[in-house]
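Under our numbering, the first residue of the sequence shown carries the number 1, and numbering increases by one thereafter.
The beta-carbon is built from N, C-alpha and C at its ideal position, and this holds for glycine as well.
Just so you know, these numbers come straight off a predicted model, no measurement behind them.
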Amino acid sequence: MVDNAVFASFVFYSTLLVLKMYILAIITGQLRLRRKAFCNPEDAMRHGGMQYHREDPGVERCRRAHRNDMENIFPFLFLGAVYSMTEPTLLIARVHFQVFFLARIVHTVAYLCPLKPPTRSLAYTIAQVPCFSMLVQILLTVASHW
Numbered sequence: 001m002v003d004n005a006v007f008a009s010f011v012f013y014s015t016l017l018v019l020k021m022y023i024l025a026i027i028t029g030q031l032r033l034r035r036k037a038f039c040n041p042e043d044a045m046r047h048g049g050m051q052y053h054r055e056d057p058g059v060e061r062c063r064r065a066h067r068n069d070m071e072n073i074f075p076f077l078f079l080g081a082v083y084s085m086t087e088p089t090l091l092i093a094r095v096h097f098q099v100f101f102l103a104r105i106v107h108t109v110a111y112l113c114p115l116k117p118p119t120r121s122l123a124y125t126i127a128q129v130p131c132f133s134m135l136v137q138i139l140l141t142v143a144s145h146w
């Protein structure tokens, strides 16, 4: 694994993205505790009563950011792993991984803070470019071997 520099780069950025997702989950949990907004009745009862079985706009914003991560990072993990097997040049592959990583960081910050539009949607779009590029390159590589 470490002998393949492209795959090692992919693993590095993917691991950072998964760490970011864990951090976002922790932030969501901490917001729930601070704002006393629990989605499960048993959690509300544990923390003061059924009046805390409710939604909170800040918690919901955090949950949406996390869901958006799952909708975008999971496909990246598949595409990047397969793309790494197509023997791309290291520099080009790293640019794909870095652009996706940085755009997802900006997207999360823009979601949580919230930053002025169109920051979040621009970050989302920029992150889609390397994914689409990897997808096309995978399909072209596979098609050339038929």
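Residue i (DSSP reduced to helix, strand or coil)
i, result
"H47", "coil"
"H145", "coil"
Buried versus exposed call for residue i [16 or more other C-beta atoms within 10 Å across all chains shown]
i, result
"T108", "buried"
"A65", "buried"
"A127", "buried"
"D154", "No statement about residue 154 is possible, as the shown extent of the chain runs from 1 to 146 and does not include it."
"Y22", "exposed"
"P118", "exposed"
"S84", "buried"
"R17", "In the sequence on display, residue 17 carries Leu and not Arg. Classification for L17: buried."
Neighbour flag for residue i against chain B, beta carbons, 9 Å
i, result
"F10", "Absent here is chain B; the protein component of the structure consists of one chain."
Beta-carbon contacts of residue i that lie in its chain and below 7 Å, excluding the five residues immediately before and after
i, result
"F97", "S9, F10, Y13, G80"
"A123", "A103, V106, H107, A110"
"A44", "F38, M50, Y52, H53"
"C131", "P75, F76, L79, F100"
"L135", "L79"
"K116", "none"
Close Cβ partners of residue i (< 8 Å) along its chain, the five nearest in sequence each way excluded
i, result
"T86", "Q137, I138, T141"
Endpoints, the alpha helix (DSSP H) within which residue i is located
i, result
"F101", "90–112"
"F38", "Where F38 is concerned, there is no enclosing alpha helix (DSSP H), given that its DSSP letter is neither H nor E."
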